[in-house]
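Chemist: The listed protein sequences derive, respectively, from chains A and S. Just so we're aligned, residue 0 is where the first sequence starts under numbering that gives the first Met the number 0, counting upward by one. Just so we're aligned, residue 0 is where the second sequence starts under numbering that gives the first Met the number 0, counting upward by one. Beta carbons are placed, not taken as given, at the ideal position from N, Cα and C, and that holds for glycine. Got a structure for you, written out below as structure tokens; questions coming shortly.
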Amino acid sequence: MRLTIGEVRDRAVILDCLNRYAQGVDQRNWPLYESAFTPDAVIEVVGYLDHEVTPIEFREILCGAFDVTRLSGQHLLGNTIFAFAGDRAHTVTEFMAVTLERSGEVGTAARQITAALYIDDLARFDNGWKITRRTLVRKSSNEDFLPFADPFANAIETTLKAGWPLALQTQGQSIDAL
Amino acid sequence: MLSDTDLIDRAEISDALVAYCHAQDQNEWALYDAVFTYDATVAFPGMNMPDMTAAVLRDFLIEHNKTRISGQHLIGNTMFEIDGDRARVVSEVIYVTLHPTADEHVVKRVRGNALYVDAFVRSAYGWRIRHRSIAQKNVEIDEGRYDPALLGAIREGAAQRWFQTPSGTAA
């Protein structure tokens, strides 16, 4: 059956929501991350967490486990498939995550490339679509070690410490201030 | 300026592109039926593989996946040229697949980049691929040791069906 322009708009708003999560995690912009979820949302990570957690609890896991050594992260999303029933939606999205961490050795960084799925239930609210339930399923995860030295080390450290435009927007500032 | 019709056409074409990937990556073969015309063909230029119909490729992939641990074909950068009821669509794809080896703790990894070059037609069922060329850009094949717990989680995830309607019914 032919899509309607309303469904195309719904898809765009849902993709915004999924991107807010990824940008929030990757740029450690937690208001942006939280804006992707309903307050009572749950997150399940198959084979990693032995129970479901809230977005706030998951944020604490991410910060606690990874931020000590974390240098960068990128969760690139794609292949989203949508199913709608009124004000509810079910989506399945592939992602490839590339993360870089300090290793135990000076001048070396650990790189992890992970392929995985996000399976999401979403609900429509006045201010857009939000995730009510997320399941994360890993497909592969490969680690190797890279030289971590100038000039790239400086660029990566700069990125790690910098704030980016989305941070201003989520703090209520105008993009005109950039 | 794109019209509403242009946006709907792009979304429907994207649905077919994505359905192909999810079909082979999640073994959701019903999705595969929403990708190609009944007489569609697939070519693998420069590779040691003959052109084949989409139906033959489907059977090949089903057989191939019986031993595969996991797979991801992530597409992006799609360009659309739509002319009435025909379209030429070019997408980049980055892929990674895991396969078992004789050692249960070691997997074979196939990682690569390619292009999908597609000729679409608008059929009675929506946009469908009539001809696909899969053009390889690079392929890397190696083996790596995997933690048994991670491998178990990957197998557990691969065994689930993730495509549902919002009411919980398998799509």
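(1) I want to know whether the stretch 96 to 103 of chain S touches the stretch 56 to 71 of chain S - three or more CB-CB distances under 8 Å.
(2) For the stretch 101 to 124 of chain A, which residues have a beta carbon sitting closer than 7 Å to at least one beta carbon of chain S?
(3) S:Asn26 by DSSP, collapsed to three states: which one?
(4) How about S:Arg127 and S:Val34: are their beta carbons less than 8 Å apart?
(5) Once you ignore the five residues that flank A:Phe205 on each side, which residues in its own chain have a CB closer than 7 Å to its CB?
(6) Bridge partners for S:Pro99 per DSSP, in chain order?
(7) When you check each C-beta in the stretch 46 to 65 of chain A against every C-beta of chain S, which residues fall closer than 8 Å?
(8) Taking buried to mean at least 16 other C-beta atoms within 10 Å of its own C-beta, is A:Lys138 buried or exposed?
(9) Please go through the same chain and pick out, in chain order, the residues whose beta-carbon is closer than 6 Å to the beta-carbon of A:Asp175, but skip the five residues on each side of it.
(10) Of all the beta strand (DSSP E) runs that stay within the bounds of the stretch 5 to 63 of chain A, which reach a length of 3 or more residues?
(11) Can you have a look at S:Tyr37 and say buried or exposed, based on whether 16 or more other CB atoms are within 10 angstroms of its CB?
(12) What whole-angstrom Cβ distance do A:Val97 and A:Arg110 have, given they're in contact under 8 Å?
(13) Measure from the alpha carbon of A:Ala82 to the alpha carbon of each residue in A:Asp120, A:Gly63 and A:Thr157, then state which is nearest.
(14) Round the Cβ separation of A:Arg133 and A:Ile42 to the nearest angstrom and send it over; I've been treating them as touching at under 8 Å.
(15) Give the residues of chain A in contact with S:Trp126, contact being defined as C-beta atoms less than 8 Å apart.
(16) Would you report the Cα separation of S:Val120 and A:Ala161, rounded to the nearest angstrom?
(17) Expressed to the nearest angstrom, what Euclidean distance is found between the alpha-carbon atoms of A:Lys129 and A:Phe36?
(18) Please report the distance separating the alpha-carbon of S:Ile153 from that of A:Val44.
(19) Going along the chain, which residues of its own chain have a beta-carbon closer than 6 Å to the beta-carbon of S:Ala18, five neighbours each way excluded?
(20) Nearest to S:Asn26 by alpha carbon, out of S:Met78, S:Asp58, S:Ala39 and S:Ile140?
(21) Going by CA-CA distance only, name the one from A:Arg101, A:Leu76 and A:Ala64 that's closest to A:Leu17.
(22) Look up A:Thr157 in the DSSP assignment and say whether it is helix, strand or coil.
(23) Which residues does DSSP pair with A:Tyr117 in a beta bridge?
(24) Examine chain A for any beta-carbon lying closer than 8 Å to the beta-carbon of S:Val88, and answer yes or no.
(25) Does chain A have any CB closer than 8 Å to the CB of S:Ala170?
(26) Rounding to the nearest angstrom, what Cα-Cα distance links S:Leu16 and S:Asp8 in this structure?
(27) Please list the partners that A:Gly23 has in chain S, where partner means a Cβ-to-Cβ separation under 8 Å.
(28) Tell whether a beta-carbon distance below 8 Å holds between S:Gly156 and S:Val138.
(29) Please identify, using Cβ separations under 8 Å, the residues of the stretch 131 to 145 of chain A that lie next to chain S, in order along the chain.
(30) Quick check on the burial criterion: 16 or more other C-beta atoms within 10 angstroms. Buried or exposed for S:Thr4?
(31) According to DSSP, A:Leu145 sits in a beta bridge with which residue or residues?
(32) Which two residues bound the contiguous beta strand (DSSP E) that contains S:Asp82?
(33) Taking 8 Å as the cut-off, decide whether the C-beta atoms of S:Gly143 and S:Val105 are in contact.
(34) Who pairs with A:His74 in a beta bridge, going by DSSP?
Modeler: From the atom records:
(1) yes
(2) Ala114, Leu116, Ile118 and Asp120
(3) coil
(4) yes
(5) Look at the range of chain A in this structure, 0 to 177, and you will see that residue 205 of chain A is not part of it.
(6) S:Val106
(7) Gly46 and Tyr47
(8) buried
(9) Any answer about A:Asp175 is weak, because its pLDDT of 49 lies below 50 and its placement is not dependable; what the coordinates show is given next. Closer than 6 Å at the Cβ level, and outside the excluded window around A:Asp175, lies no residue.
(10) 36 to 44
(11) exposed
(12) 7 Å
(13) A:Asp120
(14) 5 Å
(15) Those do not exist, as S:Trp126 stays about 10 Å from chain A at its closest Cβ, beyond 8 Å.
(16) 47 Å
(17) 5 Å
(18) 11 Å
(19) Leu30, Ala33 and Val34
(20) S:Asp58
(21) A:Leu76
(22) helix
(23) A:Thr92 and A:Leu135
(24) no
(25) In this prediction, S:Ala170 has a pLDDT of 43, which is less than 50 and means its spatial position is unreliable; what the coordinates show is noted afterwards. So, interface residue.
(26) 12 Å
(27) Correct list: empty, because the minimum Cβ distance to chain S is about 20 Å.
(28) no
(29) Thr134, Val136, Arg137, Lys138, Ser139, Ser140 and Asn141
(30) exposed
(31) A:Ala108
(32) Ser69 to Asp82
(33) yes
(34) A:Ala96
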